[in-house]
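Colleague: Structure in structure tokens, see below.
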Amino acid sequence: MAEEQSSTGLEDEPERSRSPLPLPTVAEEGEGYQPVPVKPWTDWDSMQLLVEDSNLLSLAPTLEATLRYFITHYPYPVTQISKCDLITLAICVVAFETGLSLDGCSLPPMFKPNQLSTYRSFDNRLVRYYGTHLPMAAFTNRSRTFSLDLCLLPGGALEDVQRCTLVAFDSSDLVIVSLIPAEGSSLPKGFSTALPISRYIPLVNIGRLTVCFQRMKELSRKLKDELFLPFRDIAYDSYQAFRYPSLMGLPEELKSKLVKYMDKRSQENLRVSYDESLRGCTYFSGG
């Protein structure tokens, strides 16, 4: 019997979770959290984890939850919801996917501060949580300017927080989106991009939300490449205690290849961070 159990392959396992975080609690299930089952035959290409996975048939669950929250709490008649409102919501969810958080918003009950990975860029539960806790006051400003305070914790501690403001200004069918670091920050002055609204939000149909969004992959990657990832990378790069914990457990030949793709500053940060443990490693000898 023991031999039969030990010979059971992965294909015989119904499902399992690879998440290092605790299983969802009853409270999480009550909030609508749906864990992603990990199966040997899972078709990952069909999983809608990110905004960019949305299509005309269904939206990514985090984006849909954010939209439902917004519609439910919208202080005006839903007929006044504009295309600019919808694209702004998508922008916010993409920001949360990149690891940014709502400044001043406490963590959900299922998390503790020391559970948040310094290096996380996407957590489905946090994206959903922040998306359903957006301050509606940001959308009631009739000056056509949207402003939302965000933050990033590159060191995983409150004293290391990097604050910024997400600003969106619409002019006709164009929305200008900027990510502006807080005053006094050592980060660059900011990043901006322009988005043609109708290219991504062709119409407003509250009854059929899926038809309101198109080209989400293009929108998501444009926002990440031009706004959120540059900000996050510079914030991490400027954090002097930056570590590369996963590298140390890899085989030497694989570490050697990975380090070749790092820029000079990243290699130096890695060398300083693990000076003792890396002493004698030959893959740094080439500079």
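Each residue of the sequence shown is one higher than the one before, counting from -16 in the working numbering. From the three backbone atoms N, C-alpha and C, an ideal C-beta is built for every residue, glycine too.
According to DSSP, A151 sits in a beta bridge with which residue or residues?
Modeller: Per DSSP, F129 and V160.
Colleague: If you reduce the DSSP assignment to three classes, tell me which class C264 lands in.
Modeller: Because the pLDDT of C264 is 45, which lies under 50, any placement of that residue in the model is unreliable, and the number read from its coordinates should be weighed accordingly. Three-state result, C264: coil.
Colleague: Starting from the Cα of C75, find the closest Cα among L157, L149 and A165 and give me that residue.
Modeller: The candidate whose alpha carbon is nearest that of C75 is L149.
Colleague: Let's see if you can read the secondary structure: which residues bound the alpha helix (DSSP H) around P179?
Modeller: Note, P179: premise wrong, no alpha helix (DSSP H); beta strand (DSSP E) at F174 to P179.
Colleague: What is the residue span of the alpha helix (DSSP H) that V76 lies within?
Modeller: V76 -> alpha helix (DSSP H) spans K66 to E80.
Colleague: Would you call P164 buried or exposed, if buried means 16 or more other Cβ atoms sit within 10 Å of its Cβ?
Modeller: P164 is buried by the Cβ-count criterion.
Colleague: Out of N124, C134 and L170, which one is the CA nearest neighbour of D153?
Modeller: Out of N124, C134 and L170, N124 has the C-alpha closest to the C-alpha of D153.
Colleague: Is S84 helix, strand or coil by DSSP?
Modeller: Correct three-state label for S84: strand.
Colleague: State the start and end residues of the unbroken alpha helix (DSSP H) segment that holds P44.
Modeller: Taken as a continuous stretch (DSSP letters only), the alpha helix (DSSP H) holding P44 covers P44 to H56.
Colleague: Mind checking whether F53 and L72 have CB atoms under 8 Å apart?
Modeller: For F53 and L72, yes; Cβs fall inside 8 Å.
Colleague: Specify whether the region 48 to 64 and the region 104 to 118 touch according to this definition: at least 3 beta carbon pairs, one from each stretch, less than 8 Å apart.
Modeller: Yes, since at least three Cβ pairs between the region 48 to 64 and the region 104 to 118 fall closer than 8 Å, the two stretches touch.
Colleague: Could you check what DSSP says for R254 in three-state terms: helix, strand or coil?
Modeller: Correct three-state label for R254: helix.
Colleague: Can you give me the C-alpha to C-alpha distance between V158 and R254, rounded to a whole angstrom?
Modeller: Between V158 and R254, the C-alpha separation is close to 43 Å.
Colleague: Here's the rule I'm using: 16 or more other beta-carbon atoms within 10 Å means buried, otherwise exposed. How should L233 be labelled?
Modeller: It counts as exposed.
Colleague: Comparing C-alpha positions only, which one of E251, C195, R248 and F211 sits nearest to L39?
Modeller: Closest option to L39, Cα to Cα, is C195.
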